[in-house]
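Before any comments, here is the structure.
Here's what the structure looks like:
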């Protein structure tokens, strides 16, 4: 038994088998193998959301590196392929990484303020010189309609 489309009521912990299982302490507190290996070596792990490239600046970095890779001469030699990949990754400027990071932070801020994906993209484009969006952003969206 499970809730329709896995949309469980927020105030219930016993609405379906999935929710009941995942709210049990032995399931909720499980540390992944990757986490435990990294913590044992003194490294912190940050998990970013999947499939949200605007929230995950690493995805934007990969996109930049892939664009650079595609501009290189094509080759079927494994050594050339590996060299081209490494050169493309190393050619990614740190300034671009920072820009992608700030852009991701703006999307997080937009979503926290209640904007949907389309509104967030518009607001970020309009306020690209700002670190965060103004508190009055929802009012501006209403006025622009």
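In our numbering, the protein residues as written are 42 to 186.
Just so you know, even glycine gets a beta-carbon here, dropped at the ideal spot from N, CA and C.
All values derive from a computational prediction rather than experimental measurement.
For residue i, the three-state DSSP class (helix, strand or coil)
i           : result
residue 168 : coil
residue 83  : coil
residue 108 : helix
residue 157 : coil
residue 94  : coil
residue 43  : coil
residue 66  : helix
residue 100 : helix
residue 75  : helix
Buried/exposed call for residue i, threshold 16 Cβ in 10 Å
i           : result
residue 141 : buried
residue 88  : exposed
residue 150 : buried
residue 117 : exposed
residue 132 : exposed
residue 49  : buried
residue 185 : exposed
residue 164 : buried
residue 95  : buried
residue 111 : exposed
residue 125 : buried
Limits of the unbroken alpha helix (DSSP H) element including residue i
i           : result
residue 145 : 135–153
residue 53  : Run containing residue 53: none; DSSP gives neither H nor E here.
residue 119 : 119–131
residue 185 : 178–185
residue 61  : 58–63
For residue j and residue i, believed in contact at Cβ under 8 Å, the rounded distance
i           : j           : result
residue 86  : residue 76  : 5 Å
residue 106 : residue 129 : 5 Å
residue 161 : residue 168 : In fact, because the Cβ distance is near 11 Å, the residues do not count as touching under 8 Å.
residue 159 : residue 178 : About 13 Å separates the two Cβ atoms, so there is no contact after all.
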